[in-house]
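Working notes for the structure below.
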Amino acid sequence: MVGWLAGTLMAVSLAVAVWFLLLSRWDKSIQAVHLLAMAIVELGLVGQAVVATVQLAGGHDPAERATFIGYLAASLILLPIGAFLAVGERSKWGTVAAAVTSLAVPVMILRMLELWSPTGA
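Numbering follows numbering that gives the first Met the number 0, in which position 100 of the sequence shown is assigned residue number 99; successive positions increment by one, without gaps.
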């Protein structure tokens, strides 16, 4: 895992989640620019997954390998599910679904960082 990328992804994902929560408060639905923000975070998650996979193949052994791989896989599918729900539900509740998935991303990254290093993040 790349520490600075993980931190950046957590910060950007939290900012996107706050943005979506404000949109839902204003009864707005997800637009293309919001999906683009989610896609940028997803691209960073894919990059982090590639680096982690290469390091795992190179011999790095996280504390709980299977749990780490599960979190890694889940982090990759979380935002697409949120985007799908947001596009499918054109009310503020679709925006709330996107916000919730965006809020879950930093939690998953933090947990992966804890598993990655023996001393935690």
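For each residue, glycine too, the CB sits at the ideal point set by N, CA and C.
Predicted model only: the values in this text are computed from it and were never measured.
Practice task
Tell me, to the nearest whole angstrom, how far the beta carbon of L4 is from that of G43; I am working on the premise that it is less than 8 Å.
Solution key: Position 5 of the sequence shown, counted from the start, is the residue given in the question as residue 4. Position 44 of the sequence shown, counted from the start, is the residue given in the question as residue 43. Rounded to the nearest angstrom, the Cβ distance from L4 to G43 is 6 Å, consistent with a contact under 8 Å.
Handout entry: Range covered by the alpha helix (DSSP H) that runs through H33
Key = In the sequence shown, residue 33 corresponds to position 34, counting from 1. Where H33 is concerned, the enclosing alpha helix (DSSP H) stretches over A31 to A56.
Problem - Beta-carbon contacts of A73 that lie in its chain and below 7 Å, excluding the five residues immediately before and after - result: The residue labelled residue 73 in the question sits at position 74 within the sequence shown. M107.
Problem - For W3, the first and last residue of its enclosing alpha helix (DSSP H) - result: The sequence position of residue 3 within the sequence shown is 4, counting from 1. From DSSP, the alpha helix (DSSP H) with W3 extends over G2 to R24.
Exercise for the section: Could you tell me if W25 is buried or exposed, where buried requires 16 or more neighbouring beta carbons within 10 angstroms of its beta carbon? Expected result: The count along the sequence shown starts at 1 and reaches residue 25 at position 26. It counts as exposed.
Problem - Collapsed DSSP secondary structure at K91 in the structure displayed - result: By one-based count along the sequence shown, residue 91 stands at place 92. It is helical.
Problem - Cβ neighbour criterion (16 or more within 10 Å) applied to G81 - result: Indexing the sequence shown from 1 puts residue 81 at position 82. The residue in question, G81, is buried, as its Cβ has 16 or more Cβ neighbours within 10 Å.
Practice task
Give the straight-line distance between the Cα atoms of Q47 and M9, rounded to the nearest whole angstrom.
Solution key: Position 48 of the sequence shown, counting from 1, holds the residue named residue 47. Position 10 of the sequence shown, counting from 1, holds the residue named residue 9. Spanning the two alpha carbons is a distance of roughly 12 Å.
Exercise for the section: State buried or exposed for T52, treating a residue as buried only when at least 16 other CB atoms are found within 10 Å of its CB. Expected result: Taking the sequence shown and counting its residues from 1, one reaches residue 52 at position 53. Exposed, by the Cβ-count rule.
Practice task
Report all residues from its chain with a CB closer than 6 Å to the CB of L22; omit the five preceding and five following residues, and keep chain order.
Solution key: The residue you call residue 22 lines up with position 23 of the sequence shown. So the qualifying residues of the chain are T94.
Handout entry: Coarse secondary structure for P105, derived from DSSP in three states
Key = Numbered from 1 along the sequence shown, position 106 holds the residue referred to as residue 105. P105 sits in a helix when the DSSP states are folded into three classes.
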